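The listed protein sequences correspond, in order, to chains A and B. Those letters in the first sequence? Residues 0 to 258, by numbering that gives the first Met the number 0. Those letters in the second sequence? Residues 0 to 340, by numbering that gives the first Met the number 0. Below is one structure, written out as structure tokens, with a few remarks after it.
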Amino acid sequence: MRLATKDVTWAVGPATIVDGVSLSAEPGEFLGIIGPNGSGKTSLIAMLAGLRRPRRGTVELDGVPLSALSRRHLAQKLALVEQQAETAERMSARQAVELGRTPYLGLGHPWSELDDAIVARALAQVDMTPLADRNWHTLSGGERQRLHIARALAQQPRLLLLDEPTNHLDIRHQIGILDLVRRLDLTVIAALHDLNHAALFCDRIAVMQAGRLVALGTPVEVLTQRLIAGVFGVEAAVERQENGSCHIRFHATAGALSG
Amino acid sequence: MTVRRLSTRASFTLAAVALLAAALWLGAAIGETAIPLDVVAKTVANRLFHAAYPLDPIDEGIVWSYRLSRVVVAACCGAALSLSGVVLQSLLRNPLADPYVLGISAGASTGAVSVAILGIGGGLVGLPLGAFAGALIAFCLVSLLAWRAGSGAAAIILAGVAGSQLFHALTAFVVTKAANAEQARGIMFWLLGNLSGVRWPDVTLALPAALIGLALCLSQARALDAFAFGRDSAASLGIPVRRTYVLLIGVTAMMTAVMVALVGSIGFVGLVIPHATRMLVGVRHGVLLPASAIVGAVFMILADILSRIIVPGQVLPIGVVTALFGAPAFAVIMSQRRTRL
Ligand SMILES: Nc1ncnc2c1ncn2[C@@H]1O[C@H](COP(=O)(O)OP(=O)(O)O)[C@@H](O)[C@H]1O
Ligand SMILES: [Mg+2]
């Protein structure tokens, strides 16, 4: 599915937090969003997911404005993994993933064996089957994150929105999860904080700075020494790999935080 | 696997209904004059199925006219308050939420007292409607206050405390200003929870309120499940958040209002029973809601029995009994919760 924004703006009081962003994710594409803390990635994703209504501009799913779709219908097409989502409920890992079936259940559609199978597959995809019956509160941050991703997969979406999905993960699962979502036949939009992950997995990268979209293109086009210095304020060397991708090597600079 | 799940569910349901029936039966038998269990059963058979067992008319009268209506209303009240507690705790994601803590009961009391004393409306319909209006006003006020005080779990509870105090004061004001001494005494007793005045016409209000409340809450069971990770998570799982809020808060206010109008405001049931039931049956609302209703109903019947026999010759306000048992139970549950987290 294609998800496109046209000039979306979001503000809290006088502060403009997302400022006139126009971009689109094409069917099957992996679109990365990068940018420093507070640049508006989470706010943009909330609008893409239909959770915040833009003050100006529109978000369209295959040409239909999100505001014209019912929440239930939208949830069958689009799943979101939030940056932070916690619960006080004493639920099991499996129960957390089972919530992903919510948009398909209802009075005429009780829980079925198909739902059991979909949940089991989602658990297996994120490598959490052995821990499926553990209490949520006994799991590590990374394990919880993988369950959130499994819940989103259990929604069987056409489009997946991920907000810093690899935050708590160890390196194996960081690579594993990004590789998994890329291999699935999905459109993916992911806010990523690791530029090398963005370079490795994204078809295109959108760069946010202070609420504005400042660059949009393939990793090789976007991840230049100048852009990284300008947006993130760090010195980096960008190395071209033989396969056409790029790798970023950061230099420790004295006073990087005082700039 | 599905078949086994169904049969365990069926046997649990059967056990729960049997437990409720036993509590109702006991509740009708125990009291100042103890009445044998078989007399209770025969009375019910006589009245409902024209069985024509020869019974002492006084016994039959006590059981039918006083005890049974009272025990049924107690059950409805316990069920309704527990359901309200489950809904509020899940919806607001706050383990301390319940109609009493959030000031909804206090608002309902003010509404009911205003109707009763200031004579707005009147009769069986007027009182609950006044209570409903009071309950809704209280909830809106408390939400507004919590919103002004900032987000976080503590804000809504503090706002609830403030709201309760305000509405208690308003009630006291109305009572001292407009009621005579006799009325005032009656109202103060009723405010603490009092089932002694309950008769069959009250059942025709309490039973539909509890059953419709249960049905509406159950219709939102999956939505309540989806709130586990917060509002945004629920919305991204396809739940129309605002509509769900309005419906469930409305149902909660309705149930609380009806029960407050009939028997006064009773604390701790809506707070403790949901936690206790969660420990028994888990967090899925499809099971948790009906289970809480039954546990709450049984708890309230037992509390009512105790209120009648704890002090010989005296009836304690039932709110005193629920607090006497509810407060320590709550302390235990909260400390267990902490160690298990
Ligand atoms: N509800 C809100 N109220 C006020 N400010 C907000 C709100 N949400 C986000 N912000 C502010 O908007 C900016 C962008 O936030 P966010 O979208 O979370 O950025 P990112 O995800 O890129 O770190 C931050 O400065 C944040 O403090
Ligand atoms: Mg963010």
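We put the beta carbon where it would ideally sit given N, CA and C, even for glycine. Nothing here was measured: the structure is a model prediction, and the numbers come from that model.
Close to D224 of chain B, with beta-carbon spacing below 8 Å, are these residues of chain A in chain order: L98 and T101. Taking a cut-off of 8 Å on C-beta distances, the region 233 to 252 of chain B touches the region 69 to 80 of chain A, as three or more cross pairs fall below it. In the DSSP assignment, W9 of chain A is bridged to A:V17. Contact check between the region 147 to 161 of chain B and the region 21 to 36 of chain B: fewer than three CB pairs, one atom from each, fall below 8 Å, which does not count as touching.
By the criterion of a C-beta distance shorter than 6 Å, A225 of chain B is surrounded in its chain by A233, L236 and I238, once the five residues flanking it on both sides are discounted.
Remark: three or more beta-carbon pairs, one from each stretch, lie closer than 8 Å, so the region 170 to 190 of chain B and the region 105 to 118 of chain B are flagged as touching. In the same chain as V314 of chain B, and ignoring 5 residues on each side of it, the C-beta atoms closer than 7 Å to its own belong to S195, S306 and R307, in chain order. For the set A:M0, A:D202, A:R1 and A:T8, the Cα lying nearest the Cα of L212 of chain A is the one of A:T8. For the region 101 to 133 of chain A, residues whose beta-carbon sits nearer than 7 Å to a beta-carbon of chain B comprise T101, P102, L104 and E112. As the crow flies, the alpha-carbon of T86 of chain A is around 30 Å from that of R182 of chain A.
Per the Cβ contact rule, the region 73 to 81 of chain B is in contact with the region 289 to 298 of chain B (3 or more Cβ pairs under 8 Å). Distance from the CA of R70 of chain A to the CA of R55 of chain A, rounded to the nearest whole angstrom, comes to 21 Å. Ranked by Cα distance from D126 of chain A, the first of A:M207, A:L43 and A:I148 is A:I148.
Taking the beta carbon of E59 of chain A as reference, no residue of chain B falls within 9 Å; the closest one sits roughly 18 Å away. For G266 of chain B, the secondary structure class from DSSP, reduced to helix, strand or coil, is coil. A straight-line Cα-Cα distance of about 8 Å links Q182 of chain B and V174 of chain B. In this structure, E238 of chain A sits near C245 of chain A, with a CB-CB distance shorter than 8 Å.
Interface residue (Cβ-Cβ distance to chain A less than 8 Å): I211 of chain B is not classified as such.
Counted as a single uninterrupted DSSP element, the beta strand (DSSP E) harbouring C245 of chain A occupies residues C245 to F249. Taking a cut-off of 8 Å for Cβ pairs, the region 15 to 28 of chain A and the region 181 to 197 of chain A touch, as three or more such pairs fall below it. For E163 of chain A, the closest alpha carbon among the candidates A:Q83, A:R133, A:G105 and A:L47 is that of A:Q83.
For the set B:P311, B:I300, B:L279 and B:F267, the Cα lying nearest the Cα of F11 of chain B is the one of B:L279. Contact check for L177 of chain A against H196 of chain A passes: the beta carbons are separated by less than 8 Å. In the displayed model, L140 of chain B falls within a helix according to three-state DSSP. For K5 of chain A, the shortest C-beta to heavy atom distance toward ligand 1 is 7 Å or greater. In this structure, F329 of chain B lies away from V286 of chain B, with their beta-carbon atoms at least 8 Å apart. Contact fails between the region 11 to 20 of chain B and the region 56 to 64 of chain B, because fewer than three Cβ pairs, one in each stretch, are under 8 Å apart.
With 5 Å as the limit, the residues whose C-beta approaches a heavy atom of ligand 1 more closely than that are A:V11, A:I16, A:N36, A:G37, A:S38, A:G39, A:K40, A:T41 and A:S42, in chain order.
For R92 of chain B, the neighbours in chain A by C-beta distance under 9 Å run, in chain order, T86, A87 and E88. Residue contact check for E81 of chain A against chain B: a CB pair falls below 8 Å. For V197 of chain B and F228 of chain B, the gap between their C-alpha atoms comes out near 42 Å. Taking 8 Å as the CB threshold, I238 of chain B lines the interface with chain A.
Taking 8 Å as the cut-off, the beta carbon of L43 of chain A is found no closer than this to the beta carbon of I33 of chain A.
Of all residues in the region 255 to 284 of chain B, the ones placed with a Cβ closer than 9 Å to any Cβ belonging to chain A are R277, M278, G281, V282 and R283, in chain order. G133 of chain B counts as buried, since at least 16 other C-beta atoms from the protein chains shown sit within 10 angstroms of its C-beta.
Separation of the CB atoms of F138 of chain B and I103 of chain B is rounded to 5 Å, and the pair is thereby assigned contact status at 8 Å.
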